[in-house]
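Let me begin by presenting the structure, written as structure tokens, before commenting on it.
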Amino acid sequence: MGPRIKRSIAEGFRAANRSVMGMGFFAAGMAAVTVLAIGLVMATNPPPELFEEPTEPEAALPAIGLMESAFAQEEGSPASPEEPVAQPEGAPPAAEQEPAPADEGEATLFDELDETTAEPIPPLPDAVAPAAPVPAADEERARVIGQWFGRAWPMLLIALLLAAAGNVWLNGGQIGYLAKQVTAPPARVSEFWAAGTRAFLPLIGAWALSLAGVAAIVGILALVAALLALLPEAARAVLGTLVTVGLLIGFIWLVVRLAFWFIAIVVDRLGPIAAFKASFRASRGRWWRLVGLGLLMALISYVAWLPFALVEWLGNRIGGGAAVALGLIGNIGGILASLYVGFVALAAYLRFYEDAKSAPAGVAPSPATR
């Protein structure tokens, strides 16, 4: 029987429904690895500055206020209507002073100028200039963090390696546990330990090959970018777009073909290279069906996550104590939904892989059984 999307997803749900204990073990293992890694980091006594946000540069004073201040400095206090000066009693009224005749040259000059430009605007003071981009507090913060990292990096490296090793072991155990649920249920939780321990080193090798491949791709991209920089701008834009699209298509194609790489390591007890080839054999002629399976699982994951996201959004809209309660429900529910759908997806791929091994490559199922 050839692999079918409908059969694979249905088997994925059945296997996940039988795996409540396995989900609990997997979640507890992930939590233990996370807590242990965080504990190692906290043992290095990280400085409080590590958890502080960088200081925001001080904003410049409002331009309008500064301009008013500049005018006040240039011209003195703002002009106010002149009040009449009190005269002594019995004194004759002061004669009104007639305005002095304007200088002929001055009048001619101001006739040629617009009234709005009669008086020059004084230059803005130096306070308008923005503050220094890197305050002294940020420099001190960077210095303290750098000193901490210099003495704590061995422990940080141990925490990183421990978290990576724990995740690899748990993923191997999850594959072995669900493979048993798919092919010969029921599976015991002890299958986690047996499968994870047995496949640990080959999985580490596969991860190392994956990282080496990513590094090679980054190197190729850097080389291509350097070569494109030598071309004219128009040719660089066209060729850059074509290269980017081509690399993206190639990456997606490779990811789909390697969908069974880690599964083959655990289920068939193969080494990294042999499992690499086995994944290519199982996916030969089935690329589009694997794409369809992946898209359907992504849709199922979104549908399962959406209600809890709406609950959290509703809590944020209400505010107060309801926001805390609904936010907690939304986050915990989202984590549980992701855990369940993750088991469903892995079991579906396991069913697809087992069916692909027992059928010739590229055999298409009938439309009624897709």
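If you use this note's numbering, the sequence shown corresponds to residues 2 to 371, in order.
Ideal Cβ placement from N, Cα and C applies to all residues, glycine included.
Here the structure is a predicted model, which is why all the values come from computation and not from measurement.
Check: Whose CA, out of Val183, Gly174, Ala44, lies closest to the CA of tryptophan 194?
Finding: Answer by Cα proximity: Gly174.
Assuming arginine 270 contacts alanine 357 (C-beta within less than 8 Å), just tell me the rounded distance between them. Arginine 270 to alanine 357, Cβ: 18 Å. No contact.
Review point. Sorted by chain position, which residues of the same chain lie with C-beta nearer than 7 Å to alanine 372's C-beta, five sequence neighbours on each side aside?
Key: Lying outside 2 to 371, the shown extent of the chain, residue 372 is not represented and no answer is given.
* Whole-Å CB distance - threonine 276 paired with alanine 260, under 8 Å assumed -> The sequence given here places alanine at residue 276; threonine does not occur at that position. With 8 Å as the limit, alanine 276 and alanine 260 do not qualify as a contact, their Cβ atoms being about 12 Å apart.
*Contact the region 198–209 vs the region 168–183: 3+ CB pairs below 8 Å*: Judged by Cβ distances under 8 Å, the region 198–209 makes contact with the region 168–183, as three or more pairs qualify.
Checklist entry - Do the region 155–171 and the region 201–221 touch if we need at least three Cβ pairs shorter than 8 Å? => result By the Cβ rule, the region 155–171 counts as touching the region 201–221, because three or more pairs are nearer than 8 Å.
Subject >> Straight-line Cα distance separating leucine 243 from valine 42 >> reply: 44 Å
On the three-state DSSP scale, how would you describe arginine 189? coil
Other residues of its chain near tryptophan 306: CB distance less than 6 Å, five sequence neighbours each side excluded: Gly335, Ala338
- How should proline 49 be labelled, buried or exposed, when 16 other C-beta atoms within 10 angstroms of its C-beta is the threshold for buried? exposed
Presumed contact (8 Å Cβ cut-off) between isoleucine 10 and leucine 297, rounded CB distance: 6 Å
**Asked** Can you give the Cα-Cα distance for lysine 278 and proline 308, rounded to whole angstroms?
**Response** 40 Å
Item to complete: Indicate the three-state DSSP secondary structure (helix, strand or coil) for asparagine 168 in the structure shown.
Response: It is helical.
Endpoints, alpha helix (DSSP H) assigned at leucine 41
21–44
How would you write the range of the alpha helix (DSSP H) that glycine 251 sits in, first residue to last? 234–258
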